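S.K.: Going down the list, the sequences are from chains A and B. As numbered in numbering that gives the first Met the number 0, residues 0 to 171 make up the first sequence, in order. As numbered in numbering that gives the first Met the number 0, residues 0 to 171 make up the second sequence, in order.
2 protein chains.
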Amino acid sequence: MHSEVVASRSADQRDSSRESRSGTPQLDAVSLAIIQQLQEDGRRPYAAIGKAVGLSEAAVRQRVQKLLDQGVMQIVAVTDPLTVGFRRQAMVGVNVEGDVESIADALTAMSEVEYVVMTAGSFDILAEIVCEDDDHLLDVINKRIRALPGVRSTESFVYLKLKKQTYMWGTR
Amino acid sequence: MHSEVVASRSADQRDSSRESRSGTPQLDAVSLAIIQQLQEDGRRPYAAIGKAVGLSEAAVRQRVQKLLDQGVMQIVAVTDPLTVGFRRQAMVGVNVEGDVESIADALTAMSEVEYVVMTAGSFDILAEIVCEDDDHLLDVINKRIRALPGVRSTESFVYLKLKKQTYMWGTR
DNA sequence: CGCCACGTCTGCGAAATCCGCAATCCCAGC
DNA sequence: GCTGGGATTGCGGATTTCGCAGACGTGGCG
Numbered sequence: 000m001h002s003e004v005v006a007s008r009s010a011d012q013r014d015s016s017r018e019s020r021s022g023t024p025q026l027d028a029v030s031l032a033i034i035q036q037l038q039e040d041g042r043r044p045y046a047a048i049g050k051a052v053g054l055s056e057a058a059v060r061q062r063v064q065k066l067l068d069q070g071v072m073q074i075v076a077v078t079d080p081l082t083v084g085f086r087r088q089a090m091v092g093v094n095v096e097g098d099v100e101s102i103a104d105a106l107t108a109m110s111e112v113e114y115v116v117m118t119a120g121s122f123d124i125l126a127e128i129v130c131e132d133d134d135h136l137l138d139v140i141n142k143r144i145r146a147l148p149g150v151r152s153t154e155s156f157v158y159l160k161l162k163k164q165t166y167m168w169g170t171r
Numbered sequence: 000m001h002s003e004v005v006a007s008r009s010a011d012q013r014d015s016s017r018e019s020r021s022g023t024p025q026l027d028a029v030s031l032a033i034i035q036q037l038q039e040d041g042r043r044p045y046a047a048i049g050k051a052v053g054l055s056e057a058a059v060r061q062r063v064q065k066l067l068d069q070g071v072m073q074i075v076a077v078t079d080p081l082t083v084g085f086r087r088q089a090m091v092g093v094n095v096e097g098d099v100e101s102i103a104d105a106l107t108a109m110s111e112v113e114y115v116v117m118t119a120g121s122f123d124i125l126a127e128i129v130c131e132d133d134d135h136l137l138d139v140i141n142k143r144i145r146a147l148p149g150v151r152s153t154e155s156f157v158y159l160k161l162k163k164q165t166y167m168w169g170t171r
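1) Give the DSSP-derived three-state secondary structure of Ser-21/B in the structure shown.
2) Beta-carbon within less than 7 Å of Met-0/A's beta-carbon, same chain only, minus the 5 sequence neighbours each way: which residues are those?
3) With a threshold of 7 Å on Cβ separation, who are the neighbours of Arg-151/B within its own chain once the five nearest residues in sequence on each side are excluded?
4) Any contact between the stretch 72 to 90 of chain A and the stretch 130 to 144 of chain B? By contact I mean 3 or more CB pairs, one from each, below 8 Å.
5) Given that a residue counts as buried once 16 or more other Cβ atoms are within 10 Å of its Cβ, and exposed if not, what is Gly-70/B?
6) Any chance you could list the alpha helix (DSSP H) runs of at least 4 consecutive residues sitting entirely within the stretch 88 to 135 of chain B, in chain order?
7) Quick one: residues in its chain with C-beta nearer than 7 Å to the C-beta of Ser-30/B, no 5 flanking neighbours on either side, listed in chain order?
8) Work out the CA separation of Val-83/B and Val-75/A for me, nearest whole Å.
9) Just to make sure I have the definition right: I need the residues of chain B whose C-beta is within less than 7 Å of the C-beta of Tyr-158/A. Which are they?
10) Quick one: what's Ile-74/A bridged to in DSSP?
11) Looking at C-beta atoms only, is the number of pairs between the stretch 43 to 57 of chain A and the stretch 36 to 51 of chain B that lie closer than 8 Å three or more?
12) For Ser-30/A, report the span of its alpha helix (DSSP H) as first-last.
13) For Ser-159/A, does the three-state DSSP call read helix, strand or coil?
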């Protein structure tokens, strides 16, 4: 009933030969299993997680703390923006002349911008915007984003209906 | 030190005149403050939250449980896909002929698709895809998405660099 | 007005959980 | 074979969670 993870106890928690280029350590099967548990319920007690992954309560606690410290995961409350009073959302595609990264940084600094990613394709940057109403959205796009020096053009996609949003990376 | 929320105790926790059209109840200031606390740390103890928002431990516990039951928020672990072994991500814009929603549903059913939203603009649907490698990504886009009957065209934006991703709705 | 129903808040004791720490184990290097 | 570092375990003590009974405030109704 517990989908026990075997993983030959205390194998390679951090095998330095498997570091990704960004310096982020790879995760072993046990840590992955711990993350999965916490993706189902971020408040699940350490003892319960330990039983599921085959580790003691203290060991789970230690690994969770390390994962948090390393920034591999965070345990947070996520909400539906609509119920929290944000009624307009949009994805904005941005084309840039000159330094793309500095524009991306400028977008990152805006509190209405939830999500910024540099892409390959017909946009240089995609940014998701969360606003309270149409006026607010219009203001952010036309007055603030298009005003940035280096922004050549933008294209907006106003959200009509959010169909799916999961946080289950690795739970497949 | 605690940014106390006053809120004239036991005022309108759920004022039925302020229901949004979707039937989701509006949140009062105290619940919002609780959510903010949990957005900073999803495992923060109820007593600490209570001190911050001016409520007893039991009351906070009750409200959090209700927020979870109502689906207003969820407390989960979120990770950086890269560190969990997903090396390719892309946003895909989809154009549809016929029923948009049924295509959106089909995308929603795919485990590689993290995010599906119906939009106004030059795409009918935006979908975010999380894959293990290029082959996997290619397979999902060309074999699975473009094969859906009703999909007229797609345009892909492969992620080069994720600059920002927050879960702080309402914390502004 | 009195009364009741309903929802929320509080206080409190019992059970479960979290936390820190010292001891142990395991592997790699010398 | 010995040693060092990291991971794990076991264990009390402090803290937190949990369930529940009682209090409080509001609104409906005879």
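Note that beta-carbon positions come from the ideal geometry of N, C-alpha and C, so glycine has one too. Model, not experiment: these values are computed from the prediction.
M.R.: Quick answer:
1) In this prediction, Ser-21/B has a pLDDT of 48, which is less than 50 and means its spatial position is unreliable; nothing more can be read from the coordinates.
2) The predicted model places Met-0/A with a pLDDT of 40, which falls under 50 and marks its position as unreliable; any figure quoted below should be read in that light. So no residue of the chain qualifies.
3) Beyond the five residues adjoining it in sequence on each side, Arg-151/B comes within less than 7 Å, by CB distance, of Asn-94, Val-95, Glu-96 in the same chain, given in chain order.
4) With the cut-off at 8 Å, the stretch 72 to 90 of chain A and the stretch 130 to 144 of chain B do not touch.
5) Result: exposed.
6) Entirely contained in the stretch 88 to 135 of chain B, the alpha helix (DSSP H) runs reaching 4 residues are, in chain order, 99 to 107.
7) Cβ within range, chain order: Arg-62, Leu-66.
8) About 18 Å.
9) By Cβ distance, chain B contributes Val-116, Thr-118.
10) DSSP lists Ala-76/B as the beta-bridge partner residues of Ile-74/A.
11) The stretch 43 to 57 of chain A, when compared against the stretch 36 to 51 of chain B, does not touch it at the 8 Å Cβ threshold.
12) Segment 28 to 39, the alpha helix (DSSP H) holding Ser-30/A.
13) The displayed chain sequence assigns Leu, not Ser, to residue 159/A. Leu-159/A: strand per DSSP, three-state reduction.
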